[in-house]
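Trainee:
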Ligand code: AMP
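Numbering (the numbering used here), first residue to last: 627 to 1009.
Here's what the structure looks like:
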């Protein structure tokens, strides 16, 4: 064993880092750690140079590209989770060996490919926009005819925050969309063409399932994006019909049971005149659930830790009638102004500012809608 490795091993033993292993060392891992620490869980992260290391304040961040540190991670952790679905599932399976991975590989693989994801939704009776799988310009042209215009065309893999997506309004846009999304290797292209959904709003539902199969649901949120990135989420139970809530919960329940899922899941939905349509799922704690840190009895982060550690789930009820979360993207407000506001909490991730980068968020709770909206306006002016 090299000196480097023995140093690391003793450091980790000292910290009792023998429990939860997280792939990634960003803000989601950090927030899992912040809320798992009172449950006496230790954390060990696998980071890479690109993502930065917000989670380093919680526990050791090991280098994902170093075989020696990977071996230590394998030996030390009792369960593995991840903070992003952009993890190579084959690599993760090999890394984990007999160590449980929660949420499991089936959930991870389904969320990584829009064909698999949409086919799974369909097989479970979860409604989606009409879609067609596309591998050539001819198939994209045919899809425009079958589905009608406008269309939303997306890469089957690697799309996030509105990237890897093109709109087709007229038949002339078809080759442009193909060109924009097919990249250099036009032989290996996998796209999905979706009918354009006329939604009244975008919603998400977050739920958690324990090792024993217990499921708890958080109140749903309505989500607003700016330039493809989530900007504001508002908890909206009061403005949803019972039917909408029941449909959303039944969609999530089907997914959780089908995937024998453990941990927090997020399902993004379009609210339409024809009912709810599922857009995509995320097999992890989710940006639209950050409000639960201040607004719910048990946050999504604590419940994820509870679930993957085999503990009973916590209460997902809201503490106040209104709650919201505002993302801090690209730059930060004057913290003093935010900290002076009642019913508000500020989360900074310790990342350097860069356009389009999530640097933190603000959670808000309020007794009335007016109070919530006036706080949101004040903060938006500040930003
Ligand atoms: P996605 O990458 O699938 O999360 O899509 C990013 C955003 O594009 C969504 O939040 C919607 O605002 C919009 N979008 C995605 N799919 C559709 C669709 N089929 N119809 C209309 N808008 C869509």
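Note that CB positions come from ideal geometry on N, CA and C, so glycine has one too.
Being a predicted model, the structure only gives us computed values, none of them experimental.
May I ask you to report which of helix, strand or coil DSSP gives residue 698?
Mentor: The answer is helix: DSSP assigns residue 698 an H, G or I state.
Trainee: Since I believe residue 832 is in contact with residue 914 (beta carbons under 8 Å), could you give me their beta-carbon distance rounded to a whole number of angstroms?
Mentor: Yes, they are in contact, since the Cβ atoms of residue 914 and residue 832 sit about 7 Å apart, within 8 Å.
Trainee: Within a Cβ cutoff of 6 Å, which residues of the same chain sit near residue 1004, ignoring the five residues on either side of it in sequence?
Mentor: Once the five neighbours on either side are set aside, residue 1004 has no close Cβ partner at all.
Trainee: Under the DSSP definition of a beta bridge, which residues are partnered with residue 953?
Mentor: The partner list for residue 953 (beta bridge, DSSP) reads 987.
Trainee: Going straight from the alpha carbon of residue 895 to that of residue 952, what length do you get?
Mentor: Each residue's Cα considered, the two are about 19 Å apart.
Trainee: When the Cα atoms are used, what is the spatial distance from residue 808 to residue 793?
Mentor: C-alpha separation (whole angstroms): 14 Å.
Trainee: So, is residue 885 buried or exposed, given that buried needs 16 or more other C-beta atoms within 10 angstroms?
Mentor: Result: buried.
Trainee: Examine the ligand AMP and report whether any of its heavy atoms sits within less than 7 Å of the Cβ of residue 960.
Mentor: Result no, Cβ not under 7 Å from the ligand AMP.
Trainee: If you drop the 5 nearest sequence neighbours on each side, which residues of the same chain put their C-beta closer than 8 Å to that of residue 718?
Mentor: Within the same chain, residue 718 has close Cβ partners 649, 706, 708, 727, 731 and 734.
Trainee: Residues in the same chain with beta-carbon distance under 7 Å from residue 761, minus the five sequence neighbours each way, listed in chain order, please.
Mentor: Answer for residue 761: 815 and 816, listed in chain order.
Trainee: What does the alpha-carbon distance come out to for the pair residue 992 and residue 899?
Mentor: So the two alpha carbons sit approximately 30 Å from each other.
Trainee: If I'm right that residue 859 touches residue 950 with Cβ under 8 Å, what's the distance once you round it to whole angstroms?
Mentor: Rounded, the Cβ-Cβ distance is 6 Å, consistent with contact.
Trainee: Label residue 780 either buried or exposed according to how many other C-beta atoms from any shown protein chain fall within 10 Å of its C-beta, with 16 as the threshold for buried.
Mentor: It counts as buried.
Trainee: Does the ligand AMP have a heavy atom nearer than 7 Å to the CB of residue 755?
Mentor: Yes, the ligand AMP has a heavy atom inside 7 Å of this Cβ.
Trainee: Relative to the alpha-carbon of residue 783, which residue among 737, 869 and 681 has its alpha-carbon at the smallest distance?
Mentor: Taking only the C-alpha atoms, the option nearest residue 783 is 737.
Trainee: The ligand AMP and residue 780: does the residue's C-beta get closer than 7 Å to at least one heavy atom of that ligand?
Mentor: Yes.
Trainee: Can you confirm whether the segment 919-935 touches the segment 650-667 when touching is taken to mean that 3 or more C-beta pairs between the two stretches lie within less than 8 Å?
Mentor: Yes, the segment 650-667 is in contact with the segment 919-935.
Trainee: Could you check if residue 630 is buried or exposed, using at least 16 other CB atoms within 10 Å of its CB as the buried criterion?
Mentor: With a pLDDT of 45 at residue 630, under the threshold of 50, the predicted position of this residue should be treated as unreliable, though the coordinate-derived value follows. Exposed, since its Cβ has fewer than 16 Cβ neighbours within 10 Å.
Trainee: Checking 8 Å against the spacing of the C-beta atoms, do residue 961 and residue 1009 come in under that value?
Mentor: For residue 961 and residue 1009, no; Cβs fall outside 8 Å.
Trainee: Which of the three DSSP states, helix, strand or coil, is assigned to residue 913?
Mentor: Helix at residue 913.
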